[in-house]
Amino acid sequence: MPEGNELHRHANLQSDWFTGRILTVDAPNGRFAEGAALLSRRKLRAIEAYGKHLFYDFGPNRQLHVHLGLYGKYRSGEMPFPEPRGILRLRISDKAHWLELRGPTACDVLSDQQRATLLARIGPDPLSPDAEPKVAITRIRKSRAPIGALLMDQSVISGIGNIYRAELLFRAKLHPLTPGKTITVAKLLKLWSDAQTLMKAGMVDRRIVTTKPSDRPHPTGRARRFETHYVYRRKGLPCFVCGSEVAMKEFIGRKLYWCPCCQPEPTPPESQDRSAPVASR
DNA sequence: GTGGGATGGGCAA
DNA sequence: TGCCCCTCCCACA
0 MPEGNELHRH
10 ANLQSDWFTG
20 RILTVDAPNG
30 RFAEGAALLS
40 RRKLRAIEAY
50 GKHLFYDFGP
60 NRQLHVHLGL
70 YGKYRSGEMP
80 FPEPRGILRL
90 RISDKAHWLE
100 LRGPTACDVL
110 SDQQRATLLA
120 RIGPDPLSPD
130 AEPKVAITRI
140 RKSRAPIGAL
150 LMDQSVISGI
160 GNIYRAELLF
170 RAKLHPLTPG
180 KTITVAKLLK
190 LWSDAQTLMK
200 AGMVDRRIVT
210 TKPSDRPHPT
220 GRARRFETHY
230 VYRRKGLPCF
240 VCGSEVAMKE
250 FIGRKLYWCP
260 CCQPEPTPPE
270 SQDRSAPVAS
280 R
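Here it is as C-alpha cells:
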C-alpha cells in the first residue's frame, strides 16, 4: 500500500484523532521501548508526511519518524484495545482511540537536526502543496540516468513507488530507459502534474486506478480488477491502447513494466552525436 | 491450507 | 549484492 498518497492519507486520518492530545506511547514487543519512553505522556503537536516518511512532532528533539517500507502496516480503531495479534512495534493511544504499527522499516525518535537532515535529503513531493517541481526537473535534466530510475530515486522526487512509476511513464508515452537529460522541461512538467493528479486520486475501493475509462475494455461503471493499470503487473497481456504485449524486465532490483509500442525505445545517443555537428554548421 | 511475491530502503560487506 | 523487516494478498492445491 505505501506509495506517497497512502502516507498522506494516514497522516490526515491520524491527525484527526491524535493531534493536540496527550498520548500514551508503548512498544509491546520491546524493540522500541526506549523511544516509546521518550514520547509517552506528551502532547502530539502535528503529524506530517513527506514522500514516504511520516513525522510525529512530540516537541523539541522528540520527532517520531516512521517509514513503512514494504511490510509496514497501520491498524487503528476506537477503544478498547483489540485482541493482540502479531508482533507490535508501536502503539499510540488516548482514552478514545488506538493506533498500532507492525513491520516498519523505520520507527525511531529523531532530534530536530536529524529530522532536518533527512528532509534535506529527499526531493520534492508532488502531494505537498508547497513542493517545487523545478528542483526535481533540474536534477532529471542534468542526469544521464534512465527516467525509470530517477522517478524511483527519493532524493530526486519523493513519494513515487513502483506502481506510479510504471503508470506515469506509460501515460507520458516515455520508455523507462530514456535518459533524463533528453526529456524536455515541458514533458517533465506534464509528468509532475500527472503525478499530482494520479496520487491525489489515490486509492479507489482500496486499489490504485490509473486507467482512463475510455481506454478500458469496459468503459462504463467501476474499473474491473484486471483493468486498473495500463502496464503494472500486466507482463505479456495486451496493451489496452494498442494491443501489443506488455514487456517486463528486472531493473535495479525492481520490476519495470512498459508497452514497447506506446513507449518506444529512446533514440540511441550515437545518432544524436552524429547529427549535432552537422546541425550547428 | 500453503507458499511466493510485493507498493522500500537502510545497512553490512 | 544480498539481507533484514516479518505484513498482506493472491494463485494454486
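Under numbering that gives the first Met the number 0, think of the first position of the first sequence as 0, with each following residue one higher. Each residue gets a CB set at the ideal place from its N, CA and C atoms; glycine is no exception.
Check, Outcome
"Spatial neighbours of G85 within its chain, please: CB distance less than 7 Å, with the 5 preceding and 5 following residues excluded, ordered by chain position.", "R101"
"DSSP three-state label for I139, please.", "helix"
"Is the distance from the Cβ of R170 to the Cβ of D152 below 8 Å?", "no"
"Within the continuous beta strand (DSSP E) that includes D214, where are the two ends?", "Here D214 belongs to no beta strand (DSSP E), and DSSP marks it neither H nor E."
"Taking 8 Å as the cut-off, decide whether the C-beta atoms of P145 and T116 are in contact.", "no"
"Just to confirm the assignment, what range does the alpha helix (DSSP H) spanning G85 have?", "It is not in any alpha helix (DSSP H) - G85 carries neither H nor E in the DSSP assignment."
"Looking at C-beta atoms only, is the number of pairs between the region 4–22 and the region 46–60 that lie closer than 8 Å three or more?", "yes"
"Roughly how many whole angstroms lie between the Cα atoms of L109 and Q62?", "5 Å"
"Round the Cβ separation of V65 and P27 to the nearest angstrom and send it over; I've been treating them as touching at under 8 Å.", "Going by Cβ atoms, the distance from V65 to P27 rounds to 16 Å, so no, they are not a contact pair."
"Give every residue of the same chain whose Cβ lies closer than 8 Å to the Cβ of A95, excluding the five residues on either side of it in the sequence, and list them in chain order.", "W16, E77 and M78"
"Of all the beta strand (DSSP E) runs that stay within the bounds of the region 122–194, which reach a length of 3 or more residues?", "none"
"Please state whether DSSP places F54 in a helix, a strand or coil.", "strand"
"Give me the Cβ distance between G147 and L255, rounded to the nearest whole Å; I'm assuming they're in contact under 8 Å.", "6 Å"
"Taking N60 as the reference, give the member of I162, Q112, R90 and K199 with the closest Cα.", "Q112"
"What first and last residue would you give for the alpha helix (DSSP H) that runs through S14?", "G3 to F17"
"Can we say the region 154–173 touches the region 129–142, given the rule of at least three CB pairs closer than 8 Å?", "yes"
"Where does P263 land, buried or exposed, given buried means 16+ other C-beta within 10 angstroms?", "exposed"
"Let me make sure I understand the geometry here. Which of K234, K172 and S127 has the alpha-carbon closest to that of N11?", "S127"
"Could you tell me which residues DSSP pairs with Q62 in its beta bridges?", "D56 and L109"
"Roughly how many angstroms separate the alpha carbons of R90 and A45, rounded to a whole number?", "17 Å"
"Return the first residue and the last residue of the alpha helix (DSSP H) that E285 is part of.", "Residue 285 lies beyond the stretch modelled for the chain, which goes from 0 to 280, so this question has no answer here."
"Please go through the region 216–267 and give each complete beta strand (DSSP E) segment of 3 or more residues, from N-terminal end onward.", "246–250 and 253–257"
"Looking at the strands, I want to know which residues DSSP matches up with V24.", "I91"
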